[in-house]
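J.: Pasting a structure below so you can have a look.
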Amino acid sequence: MQVFRWEAIFSAILLVSTAVASPMVAAQVTGHVTVTAPHGAGPASRDASVVFWLTPLTPETNRHNAQNRTPHARLLQRNKTFEPHVLAVQVGSLVDFPNHDPFFHNVFSLFDGKRFDLGLYEAGSTRAVRVDRAGICYIFCNIHPQMSAVVVVVDTPFFAVSDDRGEIVIPNVPMGQYQLSVWEEHCTPDTLKELSRKVTVTEGLTSLGSVHMQESSEPATAHLNKYGKQYDPSVFSSPIYVQP
C-alpha cells in the first residue's frame, strides 16, 4: 500500500513536470495587405511596406515576450539609399549600419523611438545602435537628404513586414489573445488606429484576412538635418562626400 502511494505521487510529479516543460502550442499567423494611393487612385506608388505585430494580452503568452528576440538586424547604406527602407525589430535588438558606399555617411534619428547620431564614418565601416525603447525611428543621413528609412521597434517577438506581394507571415505564435497593431509610413494615425484590434490565435494556422489601407493625401514635408536646419547644398561640392 505504501509503495502504491509513492508510485502515485511520482506519477503526478512527472505529469506536472512534463506539462511545465512542454512548449505552448504555436501557430503561424498570416494575412494579406493592400495599400492604395490617396482617394483609391490605384496602388501606392511608393515603398508600401507594412509592419504587423501582435502584443500578448494574457499571462501565458506574455511569458514568451522575451523569447525569439533577433539580437542583430542590419540597415545597409548603398547607392545613397538605406536597404531595406522599412525595418522591424524587437526592443533590445542591436541594429548595424554598415556603409557600403565609397564615401562618408552620417546616420541619425531625432524623432520618436531611439534617438541617436552615429557621426561621420567612412566607406567599409559599420556602426551600431541598440534600440532600447519601442517607437518609430525615422532614419536620415546628415549629408545626403535623399536618404531615409524607418525602424519600427516593437515590444513583442511576434511581428512581420509585408513582402512585395503584400503577404504577411508571423511564425511560432503561441495560442492566446493578442492586440494587433499595424504601421505604414504614409497612413494617418487615425487610419492605423482603426486597423488595431484583438486577435485570437488558435492551433495550427490563424488568418488575419485581407487588410486594406489608404495612404494620406497630405503632402510629405522635407526633413531637416540633425541640427534642425536646411541641408547646405555646398557640402556636395566636396569630393569627400560625392561619389566619383
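Going by our numbering, the sequence shown opens with residue -6, and the numbers climb by one from there.
The C-beta atom is built at its ideal place from N, Cα and C for all residues, glycine as well.
For THR195, which residues from the same chain have a beta carbon less than 8 angstroms from its beta carbon, with the 5 sequence-adjacent residues on both sides left out?
T.: The residues are ALA20, MET168.
J.: I'd like to check one pair, ILE132 with SER102: are the Cβ atoms closer than 8 angstroms?
T.: Taking 8 angstroms as the Cβ cut-off, SER102 and ILE132 qualify as a contacting pair.
J.: Using DSSP with H/G/I as helix, E/B as strand and the rest coil, what is ALA14?
T.: The pLDDT assigned to ALA14 is 39, lower than 50, so where the model puts this residue is not dependable; a value taken from the coordinates is nonetheless given after this. Helix at ALA14.
J.: Alpha carbon to alpha carbon, what distance is there between PHE45 and SER174?
T.: Their Cα atoms are separated by approximately 6 angstroms.
J.: Residues in its own chain within less than 7 angstroms of MET140 by CB, not counting five upstream and five downstream?
T.: Excluding positions up to five away in sequence, the list reads LYS73, THR74, PHE75, PHE133, CYS134.
J.: Can you tell which of ALA41, CYS130, THR214, PHE96 has the C-alpha that lies nearest to the C-alpha of GLY117?
T.: Nearest option by C-alpha distance: PHE96.
J.: Would the segment 215 to 228 and the segment 188 to 206 be scored as touching if the rule is three or more Cβ pairs under 8 angstroms?
T.: Touching, no.
J.: Buried or exposed: LYS222, going by 16 or more other Cβ atoms within 10 Å of its Cβ?
T.: The residue in question, LYS222, is exposed, as its Cβ has fewer than 16 Cβ neighbours within 10 Å.
J.: Using only the alpha-carbon positions, how far apart do ASP225 and GLY112 sit?
T.: Those two C-alpha atoms are separated by around 17 angstroms.
J.: Restricting to Cα atoms, I'd like to know which of LYS186, PRO212, GLY159, ALA127 is closest to HIS25.
T.: Per the Cα distances, GLY159.
J.: Based on the DSSP output, what are the partners of ARG67 in its beta bridges?
T.: Beta-bridge pairing links ARG67 to ASP89.
J.: Would you mind working out which of VAL192, VAL100, VAL143, ARG120 sits nearest VAL22, comparing C-alpha positions?
T.: When only C-alpha atoms are compared, the closest one is VAL192.
J.: If I measure Cβ to Cβ from VAL43 and keep anything under 6 angstroms in the same chain, skipping five residues before and after, which residues do I get?
T.: Cβ within range, chain order: VAL26, SER155, GLU177.
J.: Using beta-carbon positions only, say whether ASP94 and ARG67 come within less than 8 angstroms of one another.
T.: Their beta carbons are not under 8 angstroms apart, which means ASP94 does not touch ARG67 by this criterion.
J.: What's the gap between the Cα of SER210 and the Cα of VAL28?
T.: Going by the C-alpha atoms only, they are around 13 angstroms apart.
J.: Report the rounded CA-to-CA distance for ALA81 versus TYR114, giving the unit in angstroms.
T.: C-alpha separation (whole angstroms): 24 angstroms.
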